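Enquirer: As they're listed, the protein sequences go chains P and H.
The first sequence begins at 2 in the numbering used here and counts up by one.
The second sequence begins at 8 in the numbering used here and counts up by one.
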Amino acid sequence: MNSLEKKYPDEVASILARYPEDQKRAAIIPLLHLTQRDAGFISIHAMNDVAEITRQSITDVASIAGYYTLFHDHPEGKIRLQVCTDVACMLRGAQEYLAELSRGLGIQPGETTADGLVTLEEVKCVAACDHVPVFQSQIGDAIEFHENQTSQKTLDWLRSMSASIKGEGS
Amino acid sequence: MSEIFLLRHREIPGLNQLRTYTANGGFETWMQAVKTQKPADIIQIVKDSGLRGRGGAGFPTGMKWAFLPNNIWPHYVVANADESEPGTFKDREILELNPFQFLEGLMISSFAVQAHDSYIYFRGEFAEIYRKFEDRIRELEEKGFIGEKLFGTDYSLHLHCVLGAGAYICGEETALLESIEGRLGQPRLRPPFPAVAGLFEKPTVINNVETLTNIPIILSKGVAYFRSQGTDKSPGTKIFCLSGRVKKPGNYELPLGTTFRELIYGHGEGILNDAQIKAIMPAGASSSLIPATEQALDTPMDYESVPALGAQLGSASVIILDETINIADLVNSTVHFFMHESCGKCTPCREGTYWMSHITQRIVEGKASKPDIDLLKSVATQMQGNCFCALGEFSIMAPLSGIEKFRADFEARVEK
Ligand SMILES: Cc1cc2nc3c(=O)[nH]c(=O)nc-3n(C[C@H](O)[C@H](O)[C@H](O)COP(=O)(O)O)c2cc1C
Ligand code: SF4
Ligand code: FES
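1. According to DSSP, what are the bridge partners of P:Q139?
2. Just to confirm, does H:L131 get its C-beta within under 6 Å of one of the non-hydrogen atoms of ligand 1?
3. Do you know offhand how far H:L398's Cα is from H:A318's?
4. For P:Y69 and chain H, any beta-carbon pair shorter than 7 Å?
5. Span of the beta strand (DSSP E) holding H:K54?
6. Name the two residues that bound the continuous alpha helix (DSSP H) containing H:I278.
7. State the Cα-Cα distance for the pair H:L147 and H:I153, rounded to the nearest angstrom.
8. Can you pull the chain P neighbours of H:N146, defined as C-beta to C-beta under 7 Å?
9. Sort H:L166, H:P355 and H:P93 by Cα distance to H:A122 and report the nearest one.
10. Could you check what DSSP says for H:I101 in three-state terms: helix, strand or coil?
11. Name all residues in chain order for which at least one heavy atom of ligand 3 lies closer than 5 Å to the residue's CB.
12. Determine the DSSP secondary structure at H:G173, reduced to helix, strand or coil.
13. In terms of residues, what are the limits of the alpha helix (DSSP H) holding H:F344?
14. To the nearest angstrom, report how far apart P:Q24 and P:M48 are at their CA atoms.
15. In angstroms with no decimal places, state the Cα-to-Cα distance between H:E149 and H:D142.
16. Given that H:Y175 touches chain P, what residues does it touch there, using C-beta distances under 9 Å?
17. Roughly how many whole angstroms lie between the Cα atoms of P:A250 and P:T60?
18. Compare the C-beta of H:G251 with all C-beta atoms of chain P and state if any pair is closer than 7 Å.
19. Which class does H:L261 belong to by DSSP, given the choice of helix, strand or coil?
20. Are the C-beta atoms of P:Q37 and some chain H residue less than 7 Å apart?
21. Give the DSSP-derived three-state secondary structure of H:I213 in the structure shown.
22. Below 7 Å CB to CB, which residues in the same chain sit around P:R26 once its five sequence neighbours on both sides are set aside?
23. Could you check the C-alpha separation between P:E77 and P:D116 for me, to the nearest Å?
24. Check the Cβ-Cβ distances between H:G237 and every residue of chain P, and say whether any is below 7 Å.
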């Protein structure tokens, strides 16, 4: 048993049960999601575990981890603040909203705040184009939508989230 | 007053609770089908209904189901819940608020092609929706709606959820299958078609969420009722996702064949600040730009009429542009989307979207000169017809139609 199986025995078993016996490779993506739950990124060690469970090479697992945008191979802020600036949002002021957030947080898109809590990112359409501005928060393997935002509303939400994350840490 | 087939939760609150769904007749069609109907008869009814796929291509659904060969087993049904086309947000509303009607449609389609395992592929961003579906499927198992030997028959059905991880191309059906199988989400060469060698190389039906959500209505209320909405060749209703520079963006379920004008000025209440409408993108970022002439506004939105305007209905993600928008800026945005989402498998699309994005970026930054407009056109034209899948072909729609119909906007952005 490797560390992923030890940590999440039930989840690993239920993921493997979804696919035919000779198709365990299909478990790679669900298992990668699982490895991201705590750390918010996928380490080499975690990729090894996934490779072992699915009996695939680490290169295969690494190429999949690198292909999909929601998988991250290095740690960033605990909260990934992902603002949609795609076509429909651009038409309704997403750039201004992003710029306000950027000023409020004192970082540029792609950067992480000094306390390591927030990474500001731009993303493509998240299927919420009728409630612009919109951002998505990715924390571990949880993703939530936040619609009809103002930069004030978002910064307030961030303050309360950051406080509760810091609370957990102490 | 038009009928509502899909967004029924707007009339029946709490429809996303199993209790409420069954109290309103939910899963009766399903039980009836398994207990009393022949799979082939269900396929015939869906064929007769004229239902066409709502995921973009408008392919007749019944015909798709009938393609599966009866000498290769098992069969699979895969629901496409990848919804990632910029401007599209209809499947998400169904999945959140009317999920059981979609599930009932998926279950009936599975029975119709005698699949015993069916999969739902959610885009990675739908992680919350995915978790709720895992619970709902457990609930359906506990209540005996799915599982082994249903209702005293020999038919068994299991449903499985798969969560993607962020890649627009996984909405393309063969890339989606690759992704379920644990590979890079890249399109497959066809033939073989998924109907013959799909998921795990077995015969597979792939349908969009909205397509499947129509099925319980067609079976319970009948073909004539379904055909009472829409046009002869495009029957039924469609969810139109209205976004961009309108006063009231949102999902509107309307009969196919409703005009752009009724959608934009009736339901959408017109243009922001009562500005002048400029162009329409009826199929999201993949769309050609339609100049918003009076004639275009009076065009019915169905699978036959929109192509006559040089565009496609696609998944009916209607993005509205007004006079405040420079089309070069818009094209820069769509081209960046495709550059970001190109899967990299074929050279024309991988390189072409990259070069187009560099040129459009130069143009919007005012660093380009006039010949760059023709260079953009030339790159797009060289890609045309040479890409491995439709994504590459989609990527040149906005640049080519934009330059053709709104060249002045590009010229306004380049040095004199
Ligand atoms: C680049 C690309 C992206 C697509 N994205 C989606 C999508 O997000 N959802 C969807 O249902 N179909 C999408 N499709 C269409 C699917 O390939 C497929 O035609 C559809 O799921 C079939 O279902 P239908 O017949 O019910 O429409 C996409 C196609 C392409 C080429
Ligand atoms: S056209 Fe683009 S998305 Fe399609 S296979 Fe080629 S590189 Fe991939
Ligand atoms: S374009 Fe931003 S949510 Fe669709």
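The beta carbon of each residue, even a glycine, is placed where N, CA and C say it ideally should be.
These numbers come from a predicted model, not from an experiment.
Expert: The answer reads as follows:
1. Looking at the DSSP assignment, P:Q139 forms a beta bridge with P:R81 and P:I144.
2. Going by the sequence as given, residue 131 of chain H is Gly instead of Leu. For ligand 1, not one heavy atom lies less than 6 Å from the Cβ of H:G131.
3. Distance between the alpha carbons of H:L398 and H:A318 is about 15 Å.
4. Using a CB distance cut-off of 7 Å, P:Y69 counts as an interface residue toward chain H.
5. Unbroken run through H:K54 is the alpha helix (DSSP H), P46 to S56; no beta strand (DSSP E).
6. Under the DSSP assignment, H:I278 falls outside any alpha helix (DSSP H); it carries neither an H nor an E label.
7. Within the model, the alpha-carbon separation for H:L147 versus H:I153 is close to 6 Å.
8. In the sequence as presented, Asn is not what sits at residue 146 of chain H; that position holds Glu. Under the 7 Å cutoff, chain P gives no residues; its nearest Cβ is about 16 Å from H:E146.
9. Answer by Cα proximity: H:L166.
10. Correct three-state label for H:I101: helix.
11. Going by the Cβ distance cut-off, the answer is P:C85, P:D87, P:A89, P:C90, P:C126, P:V127, P:A129, P:C130 and H:P93.
12. DSSP places H:G173 in coil when its eight states are reduced to three.
13. Segment I334 to E348, the alpha helix (DSSP H) holding H:F344.
14. Roughly 18 Å separates the two Cα atoms.
15. Pairing H:E149 with H:D142, the inter-Cα distance amounts to about 11 Å.
16. Residues of chain P with a Cβ closer than 9 Å to the Cβ of H:Y175 are, in chain order, K125 and C126.
17. This structure cannot settle anything about residue 250 of chain P, because the visible part of chain P is limited to 2 through 171.
18. Residue contact check for H:G251 against chain P: a CB pair falls below 7 Å.
19. Three-state result, H:L261: strand.
20. Among the residues facing chain H, P:Q37 is not included, as its CB has no counterpart in that chain under 7 Å away.
21. If DSSP states are grouped into helix, strand and coil, H:I213 belongs with the strands.
22. Cβ neighbours of P:R26 beyond the five flanking positions: T55 and Q57.
23. Taking the Cα positions, P:E77 is about 11 Å away from P:D116.
24. Not closer than 7 Å to any Cβ of chain P, the Cβ of H:G237 fails to qualify, so no.
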